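See structure below.
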Amino acid sequence: TSLITFLYSLFLWIRLENDTAKFQFVETIRWLPYPNINFYIGIDGISSFFVILTTFLTPIRILVGLYSVKSYEKEYMIAFPVRESFPIAVSCSLDLLIFYVFPESVLIPMFIIIGVRGSRQRKIKAAYRFFLYTLMGSLFMLLAILFISFQTGTTDPQILLTTEFSERRQILLRIALFASFPVKVPMVPVHIRLPEAHVEAPTAGSVTSAGILSKSGTYGFLRFSIPMFPEATLHSTPFIYVPSVIAIIYTSLTTIRQIDLKKIIAYSPVAHMNFVTIGMFSPNIQGIEGSILLMLSHGLVSSAPSSCVGAPYDRHKTRIVKYYGGLVSTMPISSTIFLFFTLANMSLPGTSSFIGEFLILVGAFQRNSLVATLAALGMILGAAYSPWLYNRVVFGNSKPNFILKFSDSNRREVLIFLPFIAGVIRMGVYPEVFLEC
328 TSLITFLYSL FLWIRLENDT AKFQFVETIR WLPYPNINFY IGIDGISSFF
378 VILTTFLTPI RILVGLYSVK SYEKEYMIAF PVRESFPIAV SCSLDLLIFY
428 VFPESVLIPM FIIIGVRGSR QRKIKAAYRF FLYTLMGSLF MLLAILFISF
478 QTGTTDPQIL LTTEFSERRQ ILLRIALFAS FPVKVPMVPV HIRLPEAHVE
528 APTAGSVTSA GILSKSGTYG FLRFSIPMFP EATLHSTPFI YVPSVIAIIY
578 TSLTTIRQID LKKIIAYSPV AHMNFVTIGM FSPNIQGIEG SILLMLSHGL
628 VSSAPSSCVG APYDRHKTRI VKYYGGLVST MPISSTIFLF FTLANMSLPG
678 TSSFIGEFLI LVGAFQRNSL VATLAALGMI LGAAYSPWLY NRVVFGNSKP
728 NFILKFSDSN RREVLIFLPF IAGVIRMGVY PEVFLEC
């Protein structure tokens with residue numbers, strides 16, 4: 328069924344009319360006994376790519392978890408369509424209340440995935456932290472939605488775009504949304520919940536967390552916050568730039584000091600997503616296009632390394648860097664795949680992340696050259712910890728008593744990585760189709 332859903336999302340994308348800015352395949356269902364509050368969904372060029380990203384990752388998540396789950400296999404597999412439907416609804420939502428409800432609905436299955444299927448003793452703490460951080464942050468968005476509904480009688484963003492709010496109300500509503508979306512991105516200092524949840528979750532859960540869930544915050548900025556409150560957005564740009572730059576530099580430096588393979592992978596997406604926020608709040612086309620492209624790229628580049636780390640972990644049940652070394656001699660295929668995604672994570676030219684980060688830096692330089700310079704410094708730091716990790720794990724001193732027990736990637740694992748590799752190269756070599764949305 329997941330493959331059918333993926334093919335159907337491609338079919339919808341092919342049928343999209345790119346010469347119109349209107350939403351297409353719109354469906355409106357009355358789901359509450361109040362006027363102007365409907366189950367209102369549809370897609371355009373931007374949202375269609377995020378739907379495809381979600382449906383693309385779901386079959387891969389099933390393959391990742393298929394052989395690692397030893398109990399409750401039926402329930403675990405039934406949960407995948409449920410977890411897939413919520414992010415799709417987020418991407419298609421054309422109503423503020425719908426956009427609030429479905430991201431919060433994801434918290435329940437993710438809490439179960441981390442708390443029940445987690446890999447270490449801290450999984451319960453990580454599950455509660457992930458749940459409470461996200462829920463508390465979203466309460467501010469709920470207050471903003473209720474205020475908008477009482478003032479205007481609707482939660483339809485298309486109607487709200489033609490509604491004039493006073494500058495003071497724009498700022499207050501903008502603050503409420505600003506307090507909600509950064510938790511989902513995540514931005515400093517509310518970033519703690521993501522690395523911890525990413526580390527404790529099983530590999531399939533990490534793919535979900537890094538590849539899909541972190542997009543809801545930046546997508547909310549792009550789809551609702553910026554278009555609805557343009558004046559307040561211009562005033563609040565410094566409050567986005569400063570924590571974004573801090574997050575890029577701080578998480579890159581923090582990553583260098585980590586000893587857990589999965590925690591190293593977990594901190595990397597934080598830096599990439601804060602690049603997205605810098606580009607998104609640069610009031611020019613280069614910044615916006617770069618942000619969209621980097622969000623799509625991030626779904627691939629951040630998900631694949633989680634699977635790369637999951638392969639040796641499944642074999643010896645440890646993620647501590649010091650226990651690895653010389654894997655190139657026993658796992659040459661895995662080492663080659665890991666090298667590819669290490670280079671992609673460094674935004675090497677020809678990979679998907681390079682075009683997105685380049686456009687973001689171009690847009691940021693037009694807005695604030697200091698911010699762009701500091702963000703570029705973060706790229707250099709990212710290029711520092713990625714080769715360091717690869718060298719320690721693949722080319723370090725061999726641990727004979729440890730690595731001789733390893734076998735190389737099997738056909739299932741290679742099959743998992745091939746779509747990622749194809750997607751990264753496709754977006755890096757010919758990104759035009761993604762920029763025409």
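Residues 328 to 764, numbered by the numbering used here, are exactly what the sequence shown covers, in order.
We put the CB at the ideal spot given by N, CA and C, even for glycine.
Just so we're clear, the structure is a prediction, and the values are computed from it rather than from any experiment.
Please list the terminal residues of the continuous alpha helix (DSSP H) segment that includes residue i.
{"i": "Glu-494", "result": "494 to 511"}
{"i": "Gly-626", "result": "612 to 628"}
{"i": "Thr-489", "result": "From DSSP, Thr-489 is part of no alpha helix (DSSP H); its letter is neither H nor E."}
{"i": "Pro-746", "result": "738 to 756"}
{"i": "Gly-464", "result": "450 to 479"}
{"i": "Glu-344", "result": "Where Glu-344 is concerned, there is no enclosing alpha helix (DSSP H), given that its DSSP letter is neither H nor E."}
{"i": "Ile-660", "result": "659 to 672"}
{"i": "Ser-563", "result": "557 to 583"}
{"i": "His-525", "result": "520 to 527"}
{"i": "Asn-718", "result": "696 to 721"}
{"i": "Val-515", "result": "From DSSP, Val-515 is part of no alpha helix (DSSP H); its letter is neither H nor E."}
Which whole-angstrom value describes the C-beta separation of residue i and residue j, a residue pair presumed to lie in contact below a C-beta threshold of 8 angstroms?
{"i": "Thr-545", "j": "Arg-410", "result": "About 20 angstroms; that fails the 8 angstroms criterion."}
{"i": "Ala-416", "j": "Leu-470", "result": "Actually they do not touch by this definition, with Cβ atoms about 22 angstroms apart."}
{"i": "Ile-765", "j": "Leu-424", "result": "Here the chain covers residues 328 to 764 and nothing more, so residue 765 does not appear."}
{"i": "Ile-687", "j": "Phe-602", "result": "6 angstroms"}
{"i": "Leu-701", "j": "Val-572", "result": "5 angstroms"}
{"i": "Thr-381", "j": "Ile-539", "result": "6 angstroms"}
{"i": "Val-391", "j": "Thr-530", "result": "5 angstroms"}
By Cβ distance below 8 angstroms, which residues in the same chain neighbour residue i in space, the five residues on each side in sequence not counted?
{"i": "Tyr-568", "result": "Ile-605, Phe-608, Asn-695 and Val-698"}
{"i": "Leu-580", "result": "Leu-708"}
{"i": "Ile-441", "result": "Lys-450, Ala-453, Ala-454, Phe-457, Ala-524, Glu-527, Ala-528 and Gly-532"}
{"i": "Leu-343", "result": "Gln-351, Ile-370, Asp-371, Gly-372 and Ser-375"}
{"i": "Ile-586", "result": "Ile-647, Val-648 and Lys-649"}
{"i": "Ile-576", "result": "Leu-701, Leu-704, Gly-705 and Leu-708"}
Report the partner residues of residue i according to the DSSP bridge assignment.
{"i": "Ser-420", "result": "Ile-368"}
{"i": "Arg-357", "result": "Asn-365"}
{"i": "Gln-351", "result": "Ile-370"}
{"i": "Gly-647", "result": "In the sequence under discussion, the amino acid at residue 647 is Ile, which differs from the Gly named in the question. Answer is Asp-587, bridged to Ile-647."}
If I measure Cβ to Cβ from residue i and keep anything under 7 angstroms in the same chain, skipping five residues before and after, which residues do I get?
{"i": "Ser-624", "result": "Ser-679, Ser-680, Gly-683 and Met-754"}
{"i": "Gly-758", "result": "A small correction: the amino acid at residue 758 is Pro; Gly does not occupy that position in the sequence shown. Same-chain partners within the cutoff: Leu-620 and Ile-682."}
{"i": "Thr-328", "result": "Pro-408"}
{"i": "Met-468", "result": "Tyr-427, Ala-503, Leu-504 and Ser-507"}
{"i": "Tyr-640", "result": "Arg-646"}
{"i": "Val-515", "result": "Pro-570, Ile-573, Ala-574 and Tyr-577"}
{"i": "Arg-388", "result": "Phe-407, Ala-531, Val-534 and Thr-535"}
{"i": "Arg-357", "result": "Asn-365"}
For residue i, which residues in the same chain have their Cβ closer than 6 angstroms to its Cβ, ignoring the five residues on either side in sequence?
{"i": "Pro-430", "result": "Val-417 and Ser-543"}
{"i": "Leu-710", "result": "The amino acid occupying residue 710 in the given sequence is Ala; Leu does not appear at that position. Closer than 6 angstroms at Cβ, skipping near neighbours: Met-673."}
{"i": "Ile-583", "result": "Tyr-712"}
{"i": "Thr-355", "result": "Asn-365 and Tyr-367"}
{"i": "Arg-520", "result": "Arg-456, Phe-457 and Tyr-460"}
{"i": "Gln-693", "result": "Asn-611"}
{"i": "Tyr-594", "result": "Pro-522, Thr-578, Thr-581 and Thr-582"}
{"i": "Ser-476", "result": "Thr-482"}
* Asked: Would you call the segment 546 to 555 and the segment 669 to 686 in contact, with 3 or more CB pairs under 8 angstroms?
  -> These segments do not touch.
* Contact between the segment 365 to 375 and the segment 413 to 422: three or more CB pairs below 8 angstroms? -> yes
* Decide yes or no for the touch test of the segment 624 to 633 against the segment 742 to 750: beta carbon pairs closer than 8 angstroms, at least 3 of them. => yes
* **Cβ contact (3+ pairs, closer than 8 angstroms) linking the segment 493 to 500 and the segment 558 to 573** => Touching, per the Cβ criterion.
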